[in-house]
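For reference, the structure discussed in these notes is given below.
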Amino acid sequence: MSDDLIAGSTAVLRSTLGAGLDLVTHLAEHLPPVLIDPGQFDQVVLNLAVNARDAMPDGGVLTVTTAAVHVDRAYAAEWSSVLPGDYVRLTVADTGTGMPAEVIKHAFEPFYTTKSKGEGSGLGLATVYGAVTQAAGHVRIESTPGSGTTFTVLLPVTSQSATGAAETPPSDQTAYGSTALVVEDEDALREVTRRLLTRQGYTVITAASGTEAITAAGSYQGTIDLLLTDVVMPHMSGRELADRVRELQPEVLVLFMSGYSEGVLGSHGGLDEGLDLVQKPFSERSLIEKIHSVRVAGAGGAGLA
């Protein structure tokens, strides 16, 4: 794992967490390589941090720690399905409200949330679980109500070289000079997506809701080339938003993103069959490849209905 990758992720936390929270980091140097996409690692760190932030409404301390560890049989027995071996361990601990056992039991389930309606989709921790398991890793929660929460992630060390462990994502050479509007109500994923597209050369505008996005599209003086929007959001669906943005930016290409499967979206009226969708949690590679396919379709005159 790249030390720069971890340092970059934690640096973003300082701006994402806001005032009232103290961020403490204990980051090991020269960590061994693991097989995880940089964009998905960002999603793991940011989603865990945002979850911790929400558990500390009156302020507190967020501690992020990394270490190279050897898991022996005794430690592996404390986990479910973990095999002994060498791992990189990431822990994210907060001094917040903590979780009762019933909440811990369901915390990683998609769309499970203890927040009020309109305050979150419940996909944050499910995204963490999906990204970690895609990397053949493991994640668990230790928490007591009133005493804070600690998330521990174990990512298996790979024998591949550091360059081979994290495949270089494709470059969207046509992105330079282009503008993308990213609409996502989950803070962590919105920030990660902004970072990924900025690395590709986009000028990125972000919005946390459909209303914000329409205001941004209406006030932007240039051309918005790409709308990347969540499908299911409070108050306005991604499909409705796409129609409204096209009224302001007729040439905009649209790519939807969602944690729902296409079948579920279609049955609930959220997305018509045949429209372009990237599934959460997405890797940097899968996102850029999907954007490229949308660009090719647009250039060929197919567009998006």
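The sequence shown: position 258 = 395 (this note's numbering), numbered continuously. Even glycine gets a Cβ: it sits at the ideal position worked out from N, Cα and C.
With distance defined between alpha-carbon atoms, name the residue in the options nearest to residue i.
i, options, result
"residue 237", "286, 215 and 216", "286"
"residue 226", "212, 233, 235 and 239", "212"
"residue 367", "376, 333 and 168", "376"
"residue 378", "273, 354 and 232", "354"
"residue 184", "275, 328 and 207", "328"
"residue 390", "369, 312, 338 and 374", "312"
"residue 340", "187, 324, 348 and 363", "363"
"residue 154", "182, 273 and 274", "182"
"residue 199", "382, 190 and 246", "190"
"residue 382", "365, 197 and 395", "365"
"residue 274", "293, 222 and 203", "293"
"residue 263", "430, 320 and 419", "419"
"residue 283", "321, 319, 235 and 243", "235"
"residue 201", "169, 308 and 164", "164"
"residue 295", "425, 222 and 149", "222"
"residue 160", "231, 290, 145 and 207", "231"
"residue 242", "281, 187, 393 and 325", "281"
"residue 345", "229, 146, 370 and 288", "370"
"residue 321", "374, 309, 272 and 168", "374"
"residue 348", "318, 414 and 169", "318"
"residue 207", "168, 188 and 388", "168"
"residue 308", "245, 343 and 336", "336"
"residue 413", "387, 428 and 388", "428"
"residue 386", "187, 210, 393 and 352", "352"
"residue 326", "315, 421, 291 and 388", "421"
"residue 338", "372, 315, 239 and 323", "315"
"residue 209", "149, 224, 171 and 380", "224"
"residue 278", "228, 323, 272 and 324", "228"
"residue 244", "173, 425 and 276", "276"
Would DSSP call residue i helix, strand or coil?
i, result
"residue 319", "strand"
"residue 407", "Because the pLDDT of residue 407 is 49, which lies under 50, any placement of that residue in the model is unreliable, and the number read from its coordinates should be weighed accordingly. Reduced to three states, the DSSP call for residue 407 is coil."
"residue 271", "helix"
"residue 253", "Any reading at residue 253 must be qualified, since the residue scores a pLDDT of 45, below 50, and its modelled position is unreliable; no value is offered."
"residue 413", "coil"
"residue 164", "coil"
"residue 145", "helix"
"residue 258", "With a pLDDT of 46 at residue 258, under the threshold of 50, the modelled position of this residue cannot be trusted; read the value that follows with caution. Coil."
"residue 396", "coil"
"residue 300", "Residue placement at residue 300 is flagged as unreliable, the pLDDT there being 43, under the threshold of 50; a coordinate-derived value is accordingly withheld."
"residue 280", "strand"
"residue 442", "Low confidence applies to residue 442: its pLDDT is 33, below 50, so where it sits in the model is not reliable, and the reading given next is rough at best. The answer is coil: DSSP assigns residue 442 none of H, G, I, E or B."
"residue 287", "strand"
"residue 431", "helix"
"residue 391", "strand"
"residue 266", "helix"
"residue 377", "helix"
"residue 355", "helix"
"residue 100", "The structure shown has nothing for residue 100, since the chain only spans 138 to 442."
"residue 382", "helix"
"residue 426", "helix"
"residue 234", "coil"
"residue 349", "helix"
Hey, quick one: how far does the alpha helix (DSSP H) through residue i stretch, first residue to last?
i, result
"residue 178", "175 to 191"
"residue 335", "324 to 336"
"residue 230", "Unbroken run through residue 230 is the beta strand (DSSP E), 222 to 231; no alpha helix (DSSP H)."
"residue 240", "238 to 243"
Kindly indicate the opening and closing residues of the beta strand (DSSP E) around residue i.
i, result
"residue 386", "Looking at the DSSP string, residue 386 is not in any beta strand (DSSP E), and its letter there is neither H nor E."
"residue 212", "Element bounds for residue 212: not the beta strand (DSSP E) but the alpha helix (DSSP H), 210 to 213."
"residue 361", "Neither: residue 361 is in no beta strand (DSSP E) and is coded neither H nor E."
Examine the ligand PLP and report whether any of its heavy atoms sits within less than 8 Å of the Cβ of residue i.
i, result
"residue 417", "In the structure on display, the ligand PLP does not appear, and there are no ligands present to speak of."
What does DSSP give as the partner residue(s) for residue i in the beta ladder?
i, result
"residue 294", "171"
"residue 204", "226"
"residue 343", "319"
"residue 198", "159"
task = Give a yes or no on contact between the stretch 176 to 191 and the stretch 262 to 280, applying the rule of three or more CB pairs nearer than 8 Å.
result = yes
request  = Determine, using beta-carbon pairs with one atom in the stretch 215 to 234 and one in the stretch 346 to 364, whether at least three such pairs fall under 8 Å.
outcome  = no
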